[in-house]
Amino acid sequence: MENSGKEEYKIQSFDIETQQLLKTALKEPSTVDLEKVANVIVDQSLKDQVFSKEAGRICYTIVQAEAKQNNANVFRRNLLNRLQQEFKNREETRGRSLQEWVCYVTFICNVFDYLKVNNMPMMALVHPVYDCLFRLGQPDSLQNEEEVDCLVLQLHRIGDQLEKMNVQRMDELFFLLRDGFLLQEGLGSLARLLLLEVLEFRAGGWRLSDTAQKYYYSEVSD
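Be aware that the sequence shown starts at 0, since it is given in numbering that gives the first Met the number 0, and climbs by one per residue.
Below you can see the structure in the form of structure tokens.
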């Protein structure tokens with residue numbers, strides 16, 4: 000329960016009624032409409048970048064509370080349905096709002112990171128997460144620093160776990176990123192630096208040497 004203070008803090012941006020709904024869902028999920036709870040969390044994640052990075056923890060707490068209370072998974076089912084719906088509309092979302100698209104990728108990766116079944120990531124999320132990362136690795140996305148930044152952050156967070164679920168797709172993703180780095184014209188200097196860093200990060204077994212850490216992060220902060 001050490002995280003409950005943090006969770007309550009994160010829901011301050013909601014109106015009082017929604018805060019109450021989420022607080023109840025975190026403790027007694029079977030007493031509230033869990034479809035509504037899933038929609039509230041996804042809607043907020045799509046418009047609030049800070050929330051999208053942390054919402055996975057809230058989802059995890061609700062899933063755990065529901066399993067403990069009546070061994071059900073109503074919330075998880077509703078959450079996955081909604082994520083799937085947004086996934087189908089991802090190109091439309093990206094065309095309409097780059098920020099919303101980046102928030103969606105951040106959120107789905109966050110949920111992948113937190114929600115486990117028998118200590119393993121959920122199979123249902125593996126391909127959608129890969130598909131989102133592949134989209135971020137396309138030439139038009141690599142022209143966009145916001146998307147490159149999102150891609151690199153997600154690979155730092157879940158690359159290792161994702162690779163264990165499907166090595167072949169991770170290899171394909173990194174061929175795409177390597178080609179983007181080497182062959183794509185007009186890449187911004189920050190995008191180029193971030194791509195080089197993530198290529199080295201995976202080559203080093205999903206960690207950076209101290210020297211590389213100093214090199215990349217002093218460059219980024221400059």
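Ideal Cβ placement from N, Cα and C applies to all residues, glycine included.
Fair warning: this is a prediction, and the values are worked out from it, not measured in the lab.
### Task
Rounded to whole angstroms, what's the CA-CA distance from I57 to L25? Just pull it up for me.
On the sequence shown, residue 57 is found 58 positions in, with the first residue counted as 1. On the sequence shown, residue 25 is found 26 positions in, with the first residue counted as 1. C-alpha separation (whole angstroms): 7 Å.
### Query
Helix or strand or just coil, what does DSSP make of V31?
The residue labelled residue 31 in the question sits at position 32 within the sequence shown. Note: V31 maps to coil in three-state DSSP.
#### Entry: Sequence-distant residues of the same chain with beta carbon closer than 8 Å to N72, five excluded per side
Translated into positions along the sequence shown, residue 72 becomes position 73. If you ignore the 5 residues before and after N72, its C-beta comes within less than 8 Å of the C-beta of V62, E65 and A66, all in its own chain and listed in chain order.
### Task
Consult DSSP for M119 and reduce its assignment to one of helix, strand or coil.
Looking up residue 119 in the sequence shown gives position 120. Reduced to three states, the DSSP call for M119 is strand.
### Message
Let me check understanding here. Comparing Cα to Cα, which of H126, R95 and E199 lies closest to K163?
### Response
Locating residue 163 in the sequence shown gives position 164, counting from the first residue. Nearest option by C-alpha distance: H126.
#### Entry: Cβ-based neighbour list, M0, same chain, cut-off 7 Å, excluding 5 preceding and 5 following
Here residue 0 refers to the residue found at position 1 when the sequence shown is read from its first residue. For M0, the predicted structure reports a pLDDT of 36, less than 50, and the residue's modelled location is therefore unreliable. A value from the coordinates is still provided. Within the same chain, M0 has no close Cβ partners at all.
### Query
What did DSSP end up calling E1 once you bin it into helix, strand or coil?
Position 2 of the sequence shown, counted from the start, is the residue given in the question as residue 1. Interpretation of E1 is limited by its pLDDT of 40, a score under 50 that renders its predicted location unreliable; the figure taken from the coordinates is listed afterwards. Looking at E1 - three-state DSSP - the assignment turns out to be coil, as it is neither helix nor strand.
### Message
Looking only at its chain, what residues have a beta carbon closer than 8 Å to the beta carbon of L33, apart from the 5 residues adjacent to it on each side?
### Response
Against the sequence shown, residue 33 aligns to sequence position 34. Only A24, I61, E65, V73, F74 and N77 meet the Cβ criterion.
### Task
Under 8 Å Cβ to Cβ from G136, same chain only, skipping five residues before and after it: list those, please.
The residue labelled residue 136 in the question sits at position 137 within the sequence shown. Contacts found: L150, L172, L175, L176 and G179.
### Query
Cβ of L124 within 9 Å of Cβ of E85?
Translated into the one-based positions of the sequence shown, residue 124 becomes position 125. Translated into the one-based positions of the sequence shown, residue 85 becomes position 86. No, the Cβ-Cβ distance between L124 and E85 is not below 9 Å.
#### Entry: CB of L114 within 9 Å of CB of G55, strictly
Position 115 of the sequence shown, counted from the start, is the residue given in the question as residue 114. Position 56 of the sequence shown, counted from the start, is the residue given in the question as residue 55. Contact flag set, yes.
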